[in-house]
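Accompanying notes for the structure given below.
2 protein chains.
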Amino acid sequence: MTNAPKIGIIGGGQLAQFLAIAAQQLGLHVHALHSDEKDPVACAVHRSLIGDMKAFSSLMAFAKGVDVLTLENEFIDGYYLSQLQENGIRLYPSAETMVLVQDKFIQKECFSKSFLPVMPFCQVNTESQLGDVAQKWGYPFVLKARRNGYDGKGNVTVGGPEDHRTAWEKLNGDQNPLLAEQFCSYVKELAVMVTRSIQGDTVVYPVVESIQEHHVCHIVKAPADISDQLQQQVCDIALRAVHAVQGVGTMGVEFFLTDSGQVVINEIAPRVHNTGHYTLEACCCSQFENHIRAILGWPLGDPSLVTPAAVMVNLLGTHRASGVVSGVSQALAVSGVHLHLYGKTTCTAGRKMGHLTVLGKSVEDAQKRAMMAAQFIQFGG
Amino acid sequence: MTNAPKIGIIGGGQLAQFLAIAAQQLGLHVHALHSDEKDPVACAVHRSLIGDMKAFSSLMAFAKGVDVLTLENEFIDGYYLSQLQENGIRLYPSAETMVLVQDKFIQKECFSKSFLPVMPFCQVNTESQLGDVAQKWGYPFVLKARRNGYDGKGNVTVGGPEDHRTAWEKLNGDQNPLLAEQFCSYVKELAVMVTRSIQGDTVVYPVVESIQEHHVCHIVKAPADISDQLQQQVCDIALRAVHAVQGVGTMGVEFFLTDSGQVVINEIAPRVHNTGHYTLEACCCSQFENHIRAILGWPLGDPSLVTPAAVMVNLLGTHRASGVVSGVSQALAVSGVHLHLYGKTTCTAGRKMGHLTVLGKSVEDAQKRAMMAAQFIQFGG
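Line by line, the protein sequences are chains R and X.
When the letters of the first sequence are read in order and numbered with the working numbering, they come out as residues 1 to 381.
When the letters of the second sequence are read in order and numbered with the working numbering, they come out as residues 1001 to 1381.
Structure follows, in structure tokens:
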């Protein structure tokens, strides 16, 4: 199709790869700007531009070759993104959304002003302010980098006055703006994917439970084992959170369910998200396809589960090594396993090397088989 | 993964593209040998080699760069394929299978010797033999090119002695070896995908009904509306047919259901097949993923339907034009549509430009929505 819109994806990882596959299956041309020719996205696009995603010149050069630009992560500077828009580039999510989201303090202010539930939070500009924070909320509290955190990187739990120094230094508080947040004692982490199109149409995926290990998503259970009423409440808040940041495309909203039964927003990811990988096989229309539909203004697809339950398990690196994988044959011998290996050439502790999803009659059934299959997969020999 | 097997696909079309996506999602490296940089496969591989798929030199050069070679179509010369094998290339399906399949006379002889049901057939070496054929079976009968036919190309129905000349000339009988087949009066066309691994493990997909238009597959209904007993019989014959040709990988077996309730094999396609596209969304493990698993000796995935029914509709070109598509937004507005556009840059009458699949509670339900969506899609403006 000579007139097929060209989609430009900034980013090279597995999220970009899944977006690219969804786009190419809809007949679109797909370009990606990424940093290494071995990145997962490279085998799923019509054209790769290897370049610096954080340099305005490469962003602009890349953007000029496509019709619609989209993002795999929240780390591209909001000012650069607004400059792209001023140069007539169509970008979804918009620079305005990214500015509201990529600084966690601004994000929380935005939610707070929209009367959405978040834990109490405040800016912290000097180490001595940590004492004031402790006086207000007691210990423990959480100290966070306002920008560029992910998978627990950029978060420290402060357990007492003796932790002030190390926390401040670990997050390099003299250089990086930080925020403090009241500690949330939670019983479950929940997540919801929402897709909102440029026309403002929205679909909300089922509420899932996400189980973390060392601050990295390990297991996602769909649907979450919560009451219908709570599910409705979580979906409602997720939708309002996406509206609050004027999001377009697919976004992941992460929640804590507190021990007193309240839900608070942990954060929003302004992009397709690991907790939505199960949608590839378990939902009628995946988070990736709906993102592409949304940014082109096409009707959104049905987000509902095609099966009573699904469980996704991340396949994480355990140590620094090559990306050589073993156990594939054993894992595939488990009935109903959908295996995704990202083809990364190197592996580190906690690095997302792949995932697998199992559909089932119940979460228990799916989880049993998913865990059985996942235990076989090892990286780095 | 530095040690991931490299899969080499000979072919550039949508079947190659779907195979490539299935392989890359399993973490494999994928190379393709194809003829045009705009071919559908080009955006789904780690490396494209643009070359002549019918020249031994390019086949050999391509084969040397991969660990396992596979085929998108049945048109690569069997002798060349056997030469590749003699040079130590791992090829699935094997040259032996391709030799048994790619000449329709040899294929039918193979089935016949295995006591599998086929229509009576014979070689035809001269135009005058058409009279002998008519005397044996009466009119109409079918005249076929022994090689390179597909989508009705290479087939002529001979209705009376006045057709002998035109049929012979149309198929260029003086140059091309032909066969004649007794005409089959059928009520339905059925098809079954079978996957057989290098270890000899097999899975059989549900029996589907395929509805042709101008000799091109138009609609596939899964499952076919036939008795359990007939379904069992068709699956059994399909499995025996794959064994008869020593097939490895996914293969499509096409049947006629005659007006007297018998099933006869029409032909076998030694590769993934259009009548198996519905397996992408409707089956637990698609024909494409199972092909990749099979040729690597990995356990095969579950071929069963994840939904009571599915209907696939081919999106065909209607005239010679560009591949520009319209109606995508309207088609996607129909609930539950899985749209696949192959991104071909030009279109001709009957060319496969895309397909769509709808899952449903019944074939009627799925078909209604699939037809509604398909009518919106137009190519060439």
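Note that beta-carbon positions come from the ideal geometry of N, C-alpha and C, so glycine has one too.
- DSSP places Ser322(R) in the strand class (E or B) of the three-state scheme.
- Within the same chain, Met1119, Pro1120, Phe1121, Trp1137, Phe1141 and Val1142 come within 8 angstroms of Gln1182(X) by CB-CB distance, once the 5 residues on both sides are set aside.
- By the neighbour-count criterion, in which a residue is buried when 16 or more other Cβ atoms sit within 10 angstroms of its Cβ, Thr1157(X) is exposed.
- Under the 9 angstroms criterion on CB atoms, Ala333(R) is classed as interfacial with respect to chain X.
- Shown here, Leu1171(X) sits in coil according to DSSP, grouped into three states, outside any helix or strand.
- Membership of Ala1309(X) in the beta strand (DSSP E) is indicated by the continuous run Ala1309 to Leu1316.
- Residues of the region 4 to 19 of chain R with a C-beta less than 7 angstroms from any C-beta of chain X: Ala4, listed in chain order.
- Residues of the region 1061 to 1088 of chain X with a Cβ closer than 9 angstroms to any Cβ of chain R: none.
- Just so you know, the alpha carbons of Cys284(R) and Gly1317(X) end up roughly 27 angstroms apart.
- Taking the Cβ atoms as the reference, Gly336(R) lies roughly 15 angstroms from Phe376(R), outside the contact range of under 8 angstroms.
- Within chain X, no C-beta atom comes nearer than 7 angstroms to that of Asp236(R); the closest sits roughly 23 angstroms away.
- Using a CB distance below 8 angstroms, the part of the region 29 to 54 of chain R facing chain X consists of His29, Val30, Ala42, Cys43, Ala44, Val45 and His46, ordered along the chain.
- With respect to the 9 angstroms criterion, Phe1255(X) and Ile1237(X) are classified as neighbours on the basis of their beta carbons.
- For Leu100(R), same chain residues with a beta-carbon under 7 angstroms away, outside a window of 5 residues either side, are Ile106, Gln107, Cys110 and Val245 in chain order.
- The Cβ of His1243(X) sits no closer than 9 angstroms to any Cβ of chain R.
- If the five residues before and after Tyr1080(X) are omitted, its C-beta is found closer than 7 angstroms to the C-beta atoms of Phe1056 and Leu1059, all from its own chain and listed in chain order.
- Annotation for Asn1290(X): the continuous alpha helix (DSSP H) segment containing it runs Gln1287 to Leu1296.
- In the DSSP assignment, Phe62(R) falls within the alpha helix (DSSP H) that extends over Phe56 to Ala63.
- Contact between the region 1163 to 1173 of chain X and the region 1082 to 1097 of chain X is absent, with fewer than three C-beta pairs closer than 8 angstroms.
- Ile1089(X) has no beta-bridge partner at all, per DSSP.
- Ser48(R) is bridged by DSSP to Ala32(R).
- In this structure, Met251(R) sits near Val194(R), with a CB-CB distance shorter than 9 angstroms.
- Here Pro161(R) is exposed, its C-beta having fewer than 16 other C-beta atoms within 10 Å.
- Legend: CB atoms of the region 352 to 368 of chain R lying less than 9 angstroms from CB atoms of chain X belong to residues Met353, Gly354 and Leu359.
- Residue burial is scored here from C-beta neighbours: His1046(X) has at least 16 other C-beta atoms within 10 angstroms and is therefore classed as buried.
- Taking each of Thr348(R), Ser286(R), Val187(R) and Gly360(R) in turn and checking the Cα distance to Ala22(R), the smallest one comes out for Ser286(R).
- Ile1295(X) and Arg146(R) have their C-alpha atoms some 49 angstroms from each other.
- Judged by DSSP in its simplified three-state form, Cys284(R) adopts coil rather than helix or strand.
- In the DSSP assignment, Gly131(R) falls within the alpha helix (DSSP H) that extends over Gln129 to Trp137.
- Residue pairing of Tyr1150(X) in beta bridges, as defined by DSSP: Lys1153(X).
- DSSP places Ile219(R) inside the beta strand (DSSP E), whose first and last residues are Val216 to Ala222.
- In the structure shown, the three-state DSSP call for Glu1267(X) is strand.
- Sequence-distant partners of Ile1219(X) (beyond 5 residues in either direction) whose C-beta falls short of 6 angstroms from its own C-beta, in its chain, are Ile1211 and Val1313.
- By the neighbour-count criterion, in which 16 or more other beta carbons inside 10 Å mark a residue as buried, Phe62(R) falls on the buried side.
- Residue pairing by DSSP places Thr250(R) opposite Thr195(R) in a beta bridge.
- For Cys1284(X), the nearest beta carbon of chain R is closer than 9 angstroms to its own beta carbon.
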